[in-house]
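As C-alpha cells, the structure follows; a few thoughts come after it.
In UniProt numbering, the protein residues as written are 1 to 206.
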C-alpha cells in the first residue's frame, strides 16, 4: 500500500503513533532532548489512559515553549516553524478522526522539513520538482518507495518517506507490541536529523 493508503486504513493508535513519530524525528528543531516525547509514546501502550493524552500534550508544549497558535510573521527558520506547527496542531483528544488529520499533516510537514534541511537539495530545478515528487511518492506503493524509486527526491527526504511507511506498517501488523520498534525507527531518524541540524548550525556560524 502507499503511504496515503496506510494512513487511511490505520487505527487510532497507529495514526497517533505516526504523527508522534514524525514529530519525534523533528525534536532537534524544537530544542528538546531525546526523552521529551516519551510520556506521549507511553500513553499509546496497552494500559495507557487515552483521557490523559491532552494533559501530557500540554506538558510537552510547555517544556518546548510552543504556543497554541503559530504567527506567520515568526518565520526566522521555516523548518523549525513547521516543527512547532506539528506540535501545536496535535489533537487534545486521541480520536481516530482527529489523529488521521494530524498524521497526514505531520507526514507532509516532516517530508518538507527534511527537504529544507537536506544539504543535497541544492539544485534549483530539483527543488522545483520536489512538491510533485513528494505527492507522487506518498501515493505510490510502499514497496516502490522502499526500493528507492523516488525520482527527484534527495536522500534525506527519501529516507524519511521510508521511515514513515515503516512506522505505519509496524503498527498495522503488530499493534501496541510494535510501539517499541516504531520508536526505534523514529529514534534512528532523529539522530540523523540532529546531526544535520548541528552541521547546519556550524556552517551558519562559520
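Glycine is no exception: its CB is placed at the ideal position from the N, C-alpha and C atoms.
Note that this is a predicted model, so its numbers are computed, not measured.
As assigned by DSSP and simplified to three states, the class of residue 2
In the three-state reduction of the DSSP assignment, residue 2 falls in the strand class, which pools E and B.
Do you know whose CA, among 140, 33 and 78, lies nearest residue 7's CA?
It is 140.
Proximity to residue 61 [Cα-Cα], best of 42, 31 and 46
Out of 42, 31 and 46, the CA that lies nearest to the CA of residue 61 is found in 31.
Endpoints, the alpha helix (DSSP H) within which residue 54 is located:
It spans 53-64 - the alpha helix (DSSP H) in which residue 54 sits, taken as one unbroken run.
Would a C-beta distance cut-off of 8 Å place residue 37 and residue 16 closer than the cut-off?
No, the Cβ-Cβ distance between residue 37 and residue 16 is not below 8 Å.
Can residue 87 and residue 64 be called in contact, C-beta distance under 8 Å?
At the C-beta level, residue 87 and residue 64 come within 8 Å of one another.
Local conformation of residue 26 per DSSP, three classes
Assigned with DSSP and collapsed to three states, residue 26 falls in coil, not helix or strand.
Applying the criterion that 16 or more other CB atoms from any shown protein chain within 10 Å of the CB defines a buried residue, is residue 58 buried or exposed?
In the assembly as shown, residue 58 is an exposed residue. Its beta-carbon has fewer than 16 other beta-carbons within 10 Å.
Can you tell me whether residue 86 is helix, strand or coil according to DSSP?
Three-state DSSP puts residue 86 in a helix.
Would you mind stating whether residue 182 and residue 171 have Cβ atoms separated by less than 8 Å?
The Cβ-Cβ distance between residue 182 and residue 171 falls below 8 Å.
Considering only the beta carbon of each residue, do residue 79 and residue 111 sit closer than 8 Å?
Here residue 79 is not near residue 111, since their CB atoms are 8 Å or more apart.
Identify, in the order they occur along the chain, each residue of the same chain with its Cβ nearer than 7 Å to the Cβ of residue 54, setting aside the five sequence neighbours on each side.
Cβ neighbours of residue 54 beyond the five flanking positions: 92 and 93.
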